[in-house]
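Presented below is the structure to which this report refers.
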Amino acid sequence: MSVETRLAALEQRLRAAEDQLEIIRLVNSYGPLVDSGESQPAAHLWEEGGVYDIGGVGRTRAYDDIAAIYDSPGHRALIHAGCAHMTATPRITVHGDSAEAVAYSFVVLREGDGWKFFRASANHWTLVRTAEGWRIAERYNRVLDGSQASHDTLRRVLRG
Amino acid sequence: MSVETRLAALEQRLRAAEDQLEIIRLVNSYGPLVDSGESQPAAHLWEEGGVYDIGGVGRTRAYDDIAAIYDSPGHRALIHAGCAHMTATPRITVHGDSAEAVAYSFVVLREGDGWKFFRASANHWTLVRTAEGWRIAERYNRVLDGSQASHDTLRRVLRG
Amino acid sequence: MSVETRLAALEQRLRAAEDQLEIIRLVNSYGPLVDSGESQPAAHLWEEGGVYDIGGVGRTRAYDDIAAIYDSPGHRALIHAGCAHMTATPRITVHGDSAEAVAYSFVVLREGDGWKFFRASANHWTLVRTAEGWRIAERYNRVLDGSQASHDTLRRVLRG
Chain C
1 MSVETRLAAL EQRLRAAEDQ LEIIRLVNSY GPLVDSGESQ PAAHLWEEGG
51 VYDIGGVGRT RAYDDIAAIY DSPGHRALIH AGCAHMTATP RITVHGDSAE
101 AVAYSFVVLR EGDGWKFFRA SANHWTLVRT AEGWRIAERY NRVLDGSQAS
151 HDTLRRVLRG
Chain H
1 MSVETRLAAL EQRLRAAEDQ LEIIRLVNSY GPLVDSGESQ PAAHLWEEGG
51 VYDIGGVGRT RAYDDIAAIY DSPGHRALIH AGCAHMTATP RITVHGDSAE
101 AVAYSFVVLR EGDGWKFFRA SANHWTLVRT AEGWRIAERY NRVLDGSQAS
151 HDTLRRVLRG
Chain V
1 MSVETRLAAL EQRLRAAEDQ LEIIRLVNSY GPLVDSGESQ PAAHLWEEGG
51 VYDIGGVGRT RAYDDIAAIY DSPGHRALIH AGCAHMTATP RITVHGDSAE
101 AVAYSFVVLR EGDGWKFFRA SANHWTLVRT AEGWRIAERY NRVLDGSQAS
151 HDTLRRVLRG
């Protein structure tokens, strides 16, 4: 192979690896932001107009409607008690300038002298490459309650 | 260094990084597949004849005997209740065309209006590079019950 | 761009990706080491003199004072019961030869026939590149109890 061919192949493969690491980084920024009340930075993990479709709640859009979730009395009570919105490491598939990811998420909440699972969910993210880096176009979330909707969300790993 | 030497070094280093990302991806595909009843795709994370050595259960082999675990009434009951087979991010060591990984895994199960830890384990995976990508040659799993076997499994991080 | 420019860019970008993977690997080695009583290898994840600032406990230094934590009766009781010091995947920012990371950590402890959250914390690591690879210069840990200190620790994701 020519030097040009090898350089081009390296550049393409490295970008794919960097994309996965950036998406892991994006998804792992979410919890620390929402659990410390940084509502606008959390909402800016989405692109403008991006959707958070929350099981049992409905569809909201970035930036302000998503930020409003984290400014609500219910969410403020979680922060005040002590809370971790933990995202398990996602299973990522990159398709050029878009990507998708599937992962569990858990809300671990302080109660008494310990912590409990307050919520456990299946998640599917659709991500887009923007001038500022990867952003969430849609996060689709369903509670792990044995429902068809939760199983269908997990089954999206079959797509990639 | 010559261009040839630098290209060869980049190709080798990039492959090692890609290997780690692919193994993270493989391990993170497991939970969503088994928690949505996708028994055969889950079993195909192993190579044919690959072993799942489950603490308290025994040794089973891919594909059909492993798939049968996820089709059993016991596992179906977990899926129906709402369940996450969550794998913590593994600590991976790549040795050319084989690799090993150590990580915790947790089964988080719905109970009442919350979720609980149904199982917590230590895991060691032996992985092999195949024509279709990385596959599991053996997953060795021991319950985190304070036993020597569980501690010895965790201690395999000292090998890499 | 010249071949030289492209090679240099690839080398720099690949090193940044490798750095993130190595730091993920370092952080994921911690739990298996401390939960199997490998106190000195656990302490050697820090550089000599590196600090572990534990919420509610205080500041200790590598190697021997940190190793002593894992040899203490309290920690030995956790190991004997069955325990996972699980670190969520960190959100990493690399700055040349230093780096920082933010992640939740959880201590999952066996109790009766199940497991419970014994501790949930916010963590910030300062890391340094050494001749032996990445090591921890300081791990700063605060319990997720709704305190300002825990929120400030999580808020360090805004820095990177």
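Here the protein sequences come in this chain order: C, H and V. Numbered per this note's numbering, the first sequence spans residues 1 to 160. Numbered per this note's numbering, the second sequence spans residues 1 to 160. Numbered per this note's numbering, the third sequence spans residues 1 to 160. Where is the CB? At the ideal position from N, CA and C, for every residue including glycine.
Find out if the Cβ-Cβ distance for the pair residue i, residue j is shorter than 8 Å.
i: residue 42 of chain V; j: residue 30 of chain V; result: yes
i: residue 146 of chain C; j: residue 81 of chain H; result: yes
i: residue 128 of chain H; j: residue 98 of chain H; result: yes
i: residue 39 of chain V; j: residue 65 of chain V; result: no
i: residue 19 of chain V; j: residue 139 of chain V; result: no
i: residue 144 of chain H; j: residue 76 of chain V; result: no
i: residue 90 of chain C; j: residue 108 of chain C; result: no
i: residue 58 of chain V; j: residue 100 of chain V; result: no
i: residue 14 of chain V; j: residue 14 of chain H; result: yes
i: residue 117 of chain C; j: residue 116 of chain H; result: yes
i: residue 154 of chain H; j: residue 32 of chain V; result: yes
i: residue 11 of chain V; j: residue 135 of chain V; result: no
i: residue 79 of chain C; j: residue 37 of chain C; result: yes
i: residue 28 of chain V; j: residue 87 of chain V; result: yes
i: residue 199 of chain V; j: residue 104 of chain V; result: Outside the shown range of chain V, which is 1 to 160, sits residue 199 of chain V, and nothing can be said about it.
i: residue 3 of chain C; j: residue 34 of chain V; result: no
i: residue 49 of chain H; j: residue 62 of chain H; result: yes
i: residue 55 of chain C; j: residue 149 of chain C; result: yes
i: residue 7 of chain C; j: residue 6 of chain V; result: yes
With H, G and I counted as helix, E and B as strand and the rest as coil, what does DSSP make of residue i?
i: residue 31 of chain V; result: helix
i: residue 159 of chain V; result: coil
i: residue 38 of chain C; result: coil
Quick one: give me the first and last residue of the beta strand (DSSP E) that residue i is part of.
i: residue 52 of chain C; result: 46–54
For residue i, which beta-bridge partners are listed by DSSP?
i: residue 61 of chain C; result: C/51
Is the CB of residue i under 8 Å away from at least one CB in chain B?
i: residue 150 of chain V; result: Note that chain B does not occur in the displayed structure, where the protein chains are C, H and V.
Q) Can you list the alpha helix (DSSP H) stretches of 4 or more residues lying completely in the region 66–151 of chain C, in chain order? A) 73–81
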